[in-house]
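The opening residue of the sequence shown carries number -1 in the numbering used here; numbering runs sequentially from there.
Built from N, CA and C at the ideal position, the CB exists for glycine as well.
This report refers to the structure that appears directly beneath it.
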Amino acid sequence: MTHSDPHTPRLLTCDVLYTGMGGAQSPGGVVVVGGTVAATGHPDALRAAYPHAREERAGAVIAPPPVNAHTHLDMSTYEFTALPYFRWIPEVVVPQREKRSAEAARHGADTLAGLGAGGVGDIVYMHAPDVMDTLLPREDLSGVLYYEVLGTFPEKADEIFRTVRERIEGWRAVERPGGPRVGLSPHTPHTVSHRLMRLLCDYAAGEGIPLQIHVAEHPAEHDLYTRGGGPIWENRLAPFYPDTFAEVIGRTPEADLTPVRYLDELGVLTAKPTLIHMVNVTPDDIARVARAGSAVVTCPRSNHHLDCGVFPWAAFAAAGVEVALGTDSVASGGSLDVREDVAFAQRLHPGLDPRVIVRAAVKGGHRVLGTRAPFIRRGEAWDDRYCW
-1 MTHSDPHTPR
9 LLTCDVLYTG
19 MGGAQSPGGV
29 VVVGGTVAAT
39 GHPDALRAAY
49 PHAREERAGA
59 VIAPPPVNAH
69 THLDMSTYEF
79 TALPYFRWIP
89 EVVVPQREKR
99 SAEAARHGAD
109 TLAGLGAGGV
119 GDIVYMHAPD
129 VMDTLLPRED
139 LSGVLYYEVL
149 GTFPEKADEI
159 FRTVRERIEG
169 WRAVERPGGP
179 RVGLSPHTPH
189 TVSHRLMRLL
199 CDYAAGEGIP
209 LQIHVAEHPA
219 EHDLYTRGGG
229 PIWENRLAPF
239 YPDTFAEVIG
249 RTPEADLTPV
259 RYLDELGVLT
269 AKPTLIHMVN
279 VTPDDIARVA
289 RAGSAVVTCP
299 RSNHHLDCGV
309 FPWAAFAAAG
319 VEVALGTDSV
329 ASGGSLDVRE
339 DVAFAQRLHP
349 GLDPRVIVRA
359 AVKGGHRVLG
369 TRAPFIRRGE
379 AWDDRYCW
């Protein structure tokens, strides 16, 4: 935006205003004088208080930059591909895994910096640990870098865990105040054995290490936990799995078992992991998450593109669960701009107050990552990136 007189008050109006404090409001406005916030509130009240202000339509939202609370920066050179989830992993992710590199992650981080993202929850591929070395020193990146761990054979759990712990401790030693923190991401309950899952989550809880786990993403997960089969099991890469799914989870699948109930009964939810996706859940699942105090990250575009279903946002909100937003990878989400997920979520959830979605993208994301949002309030510097 260009202005002839920087000292002339500007009244910027929007559909939703979120200042970083309390709840969002609609409609909203911000008065800016000489690059400093003079007032925030309802446009009518601001017009009355600042009758000489030059009014401008700022856009749909005025808020601190949204947080991309879940993505995979090391997949930033993948092509976007929409497929059912159980085909997307073996047909898109695995064949191109050589693309998951530090250079790809650097490209993704540069993109986020250009977007002015408020923070990132990034998943670092287990077999590309140099991604962590590349991203940790960046001064234009804040949030959490979650080292992803996979391993379905329970007998290999201790060996994998020893290697992971050694790497995590090395990376934590070079964390910087204000910079990215090191986290852990046991990939999913069906790609991490029951023993490895417990080792990782107990370690993280004891050391205060942030956790993210992909859970209940696709409806086909129901078949895994209820009968040990279905499309995900049929499309698995057999050498990387034991003979039966029961060996992975250490129990026999049963009619009412869900991924969330499995994690809860395994003791994992006591570590308060952030749970990613959570599309295909039951009321009991939501109640378990609420009791545990875990947060949830929804990735609306990715879930749509992978035929996962629609995140039951209203039910989670009613249960008091903190919700944040993420793009997932560019391969499934289409871009790293979480503002596009905010807009998509507003179309996907027409009955949900858009103020709830905007707050989730800002405050929800910062709460997941343990960071702080800047405030838009009197006396603070104004930033045009607040208009989105």
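Report the rounded CA-to-CA distance for valine 162 versus tryptophan 386, giving the unit in angstroms. Within the sequence shown, residue 162 is the residue found at index 164, counting from 1. Within the sequence shown, residue 386 is the residue found at index 388, counting from 1. Taking the straight line joining both Cα atoms gives about 39 Å.
Between the alpha carbons of arginine 225 and proline 257, how many angstroms are there, rounded? The residue labelled residue 225 in the question sits at position 227 within the sequence shown. The residue labelled residue 257 in the question sits at position 259 within the sequence shown. Each residue's alpha carbon lies about 13 Å from the other.
Can you give me the Cβ contacts of valine 172 inside the same chain, cut-off strictly under 7 Å, excluding the 5 residues immediately before and after it? Counting from 1 along the sequence shown, the entry for residue 172 is found at position 174. Counting only Cβ-Cβ distances below 7 Å, and skipping sequence neighbours, we find Leu134.
What is the residue span of the beta strand (DSSP E) that valine 147 lies within? Your numbering for residue 147 matches position 149 in the sequence shown. Element bounds for valine 147: 141 to 147.
Can you give the Cα-Cα distance for leucine 81 and arginine 8, rounded to whole angstroms? Within the sequence shown, the letter at position 83 stands for residue 81. Within the sequence shown, the letter at position 10 stands for residue 8. Taking the straight line from one Cα to the other gives about 47 Å.
Is it buried or exposed, aspartate 42, if we count other Cβ atoms within 10 angstroms and call 16 or more buried? One-based indexing of the sequence shown puts residue 42 at position 44. Exposed, by the Cβ-count rule.
Once you ignore the five residues that flank alanine 218 on each side, which residues in its own chain have a CB closer than 6 Å to its CB? On the sequence shown, residue 218 is found 220 positions in, with the first residue counted as 1. Hits under 6 Å: Phe84, Gly228, Pro229 and Ile230.
Within 10 Å of its beta-carbon, does leucine 235 have 16 or more other beta-carbons around it, so buried, or fewer, so exposed? Along the sequence shown, one-based indexing puts residue 235 at 237. Exposed is the call here.
With a floor of 3 residues, list each beta strand (DSSP E) that falls wholly inside the stretch 24 to 48, ordered by position along the chain. 26 to 31 and 34 to 39
Comparing alpha-carbon positions, which option in Pro178, Ala36 and Ile60 lies nearest aspartate 13? Position 15 of the sequence shown, counted from the first residue, corresponds to residue 13. With distances taken between Cα atoms, aspartate 13 lies closest to Ile60.
Does the Cβ-Cβ distance between arginine 193 and alanine 253 come in under 7 Å? For this step, residue 193 is matched to residue 195 along the sequence shown. For this step, residue 253 is matched to residue 255 along the sequence shown. No. Outside cutoff.
For aspartate 128, count the other beta carbons within 10 Å of its own beta carbon; 16 or more makes it buried, fewer makes it exposed. Which is it? Taking the sequence shown and counting its residues from 1, the one referred to as residue 128 is at position 130. Burial call: exposed.
Assuming contact is defined by CB atoms lying nearer than 7 Å, are alanine 67 and valine 295 in contact in what I supplied? Translated into the one-based positions of the sequence shown, residue 67 becomes position 69. Translated into the one-based positions of the sequence shown, residue 295 becomes position 297. For alanine 67 and valine 295, yes; Cβs fall inside 7 Å.
What are the residues that DSSP puts in a beta bridge with histidine 275? Sequence index remark: in the sequence shown, residue 275 carries index 277 (1-based). Answer is Val213.
Where alanine 322 falls: helix, strand or coil (DSSP): On the sequence shown, residue 322 is found 324 positions in, with the first residue counted as 1. Alanine 322 falls in the strand class under three-state DSSP.
Find out if the Cβ-Cβ distance for the pair asparagine 278, alanine 214 is shorter than 7 Å. To locate residue 278, count along the sequence shown from 1; it is residue 280. To locate residue 214, count along the sequence shown from 1; it is residue 216. Going by C-beta atoms, asparagine 278 is nearer than 7 Å to alanine 214.
Beta-carbon proximity of glycine 177 to glycine 141, cut-off 7 Å: Within the sequence shown, residue 177 is the residue found at index 179, counting from 1. Within the sequence shown, residue 141 is the residue found at index 143, counting from 1. It is not a contact, given that the beta carbons lie outside the stated cut-off.
Hey, does leucine 273 have any beta-carbon neighbour from chain B nearer than 7 Å? Reference to chain B is not applicable here, since this structure consists of a single protein chain.
What are the boundary residues of the alpha helix (DSSP H) that includes serine 300? As a first step, residue 300 is located in the sequence shown; it is residue number 302 there, counting from the start. Its alpha helix (DSSP H) spans residues 298 to 303.
What ranges does the alpha helix (DSSP H) occupy inside the stretch 56 to 126, keeping only unbroken runs of at least 4 residues that lie completely in it? 83 to 86 and 100 to 113
If alanine 379 and glycine 33 are in contact, beta carbons under 8 Å, what's the gap, nearest whole angstrom? Position 381 of the sequence shown holds residue 379. Position 35 of the sequence shown holds residue 33. Sure, about 6 Å apart at Cβ, within 8 Å.
Hey, glutamate 387 and serine 183 are a contact pair by Cβ (cut 8 Å); roughly how many whole angstroms apart? There is simply no residue 387 to check, as the chain begins at -1 and stops at 386 in what is shown.
With a Cβ-Cβ cutoff of 7 Å, do asparagine 233 and proline 88 count as a contact? Here residue 233 is taken as the residue at index 235 of the sequence shown, counted from 1. Here residue 88 is taken as the residue at index 90 of the sequence shown, counted from 1. Against a cut-off of 7 Å, the Cβ pair of proline 88 and asparagine 233 comes out as a contact.
Where does histidine 364 land, buried or exposed, given buried means 16+ other C-beta within 10 angstroms? Numbered from 1 along the sequence shown, position 366 holds the residue referred to as residue 364. The residue is buried, with at least 16 neighbouring Cβ atoms inside 10 Å.
Glycine 119 burial status per 10 Å Cβ neighbour count (16 or more: buried): Position 121 of the sequence shown, counted from the start, is the residue given in the question as residue 119. By the 10 Å Cβ count, glycine 119 comes out buried.
Compare the beta carbon distance of phenylalanine 159 and leucine 209 with 7 Å and say whether it is the shorter of the two. In the sequence shown, counting from the first residue as 1, residue 159 sits at position 161. In the sequence shown, counting from the first residue as 1, residue 209 sits at position 211. No.
Please say whether isoleucine 374 and threonine 17 have beta carbons closer to each other than 7 Å? In the sequence shown, residue 17 corresponds to position 19, counting from 1. In the sequence shown, residue 374 corresponds to position 376, counting from 1. Going by C-beta atoms, threonine 17 is nearer than 7 Å to isoleucine 374.
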